[in-house]
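Everything on this sheet refers to the single structure shown next.
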Amino acid sequence: MHIRMVEPEALTPSLRQTWEQASDGGRKFIGAVANAPEHAERLFPAYNGLRYGTRLGPRMCELLRLAIARTTQCPICLRGRRDDATDEGLTESMVAELMDPSRSPATLLGSFSPAEAAVVSFAWKFGADHFDLGEADFAALRDHFDVEEITEIGMLCAQFLGFGRFVMVFGLDDPACPVSPPPARATSGS
Numbered sequence: 001m002h003i004r005m006v007e008p009e010a011l012t013p014s015l016r017q018t019w020e021q022a023s024d025g026g027r028k029f030i031g032a033v034a035n036a037p038e039h040a041e042r043l044f045p046a047y048n049g050l051r052y053g054t055r056l057g058p059r060m061c062e063l064l065r066l067a068i069a070r071t072t073q074c075p076i077c078l079r080g081r082r083d084d085a086t087d088e089g090l091t092e093s094m095v096a097e098l099m100d101p102s103r104s105p106a107t108l109l110g111s112f113s114p115a116e117a118a119v120v121s122f123a124w125k126f127g128a129d130h131f132d133l134g135e136a137d138f139a140a141l142r143d144h145f146d147v148e149e150i151t152e153i154g155m156l157c158a159q160f161l162g163f164g165r166f167v168m169v170f171g172l173d174d175p176a177c178p179v180s181p182p183p184a185r186a187t188s189g190s
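Per the UniProt record's numbering, the very first residue in the sequence shown carries number 1; after that it's consecutive.
This is how it looks when you write it as C-alpha cells:
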C-alpha cells in the first residue's frame, strides 16, 4: 500500500456507514480514498448508481466489467461475480471463454449474443487500446443499443478501468471487491 489508511474512527459519518457495510477489501479501499473525504463521499453513490442502475442489465454489465478486467488483469475484478448476472445466465464457462486470450469478438458469437459480442469488443478495445476504437465499433453498438445505453457503456468502461487501475497502482489488490454489493434483493415464497 502506497498511502496511509484513514482509521475507521476518523471516517466521516457517511464513509463510516459505507465502511460498516463493506467487505474487508472494501474497508481497505474506503480507508484509502477517505484521505480525500469530500470526494470519497461522492464516489460511492455515483459508482453504485451507474453500476447497479444501468439500463443494460446485470449480465451485460458484468460481461462489460469482465472484458475490462481481461485487459487490466486486476485480480479483484477477475475474481468477482454478481449473483444477479449469474441468475441471468452468466456461467463460469462463458467467463473462461471471455478471458481466453486467443478469443476475439468474432469467435464469441457462438456463446454470446451479437449485442454482447459488440459490448465485449468495445470494452476490450477501451481497456487495451482505446486508439483502436472507431466508427465501426460505434456502428456495432448502434445495431443493438440506443444513444443512452451507448453512453452508459462508455461510462461503465471508464469506471471499471479507473477503479481497477486505482486498486493496482495504490497497492490495494486485496482478494475482495473494493465496493459494496448491490442492495439485497427481495425474495418471494416461503
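Heads up, the beta-carbon is just placed ideally off N, CA and C, and yes, glycines get one too.
Of all C-beta pairs linking the stretch 79 to 87 to the stretch 102 to 122, fewer than three are shorter than 8 Å, placing the two stretches out of contact. Residue 43 carries a helical assignment under DSSP once its states are collapsed to helix, strand and coil. Contact between residue 156 and residue 120 fails: their C-beta atoms lie close to 13 Å from each other, not under 8 Å. Linking residue 5 to residue 83 through their CA atoms gives a straight-line distance of about 30 Å. Taking 7 Å as the cut-off, the beta carbon of residue 29 is found closer than this to the beta carbon of residue 172. The C-alpha of residue 61 lies about 24 Å from the C-alpha of residue 41. Going by C-alpha positions, residue 142 is about 21 Å away from residue 53. When the alpha-carbon of residue 3 is set against those of 19, 152 and 36, the nearest one is in 36. Contact between residue 140 and residue 118 holds, since their C-beta atoms are separated by about 4 Å, short of 8 Å. Between residue 149 and residue 55 the beta-carbon gap is near 6 Å, inside 8 Å, which marks them as a contact.
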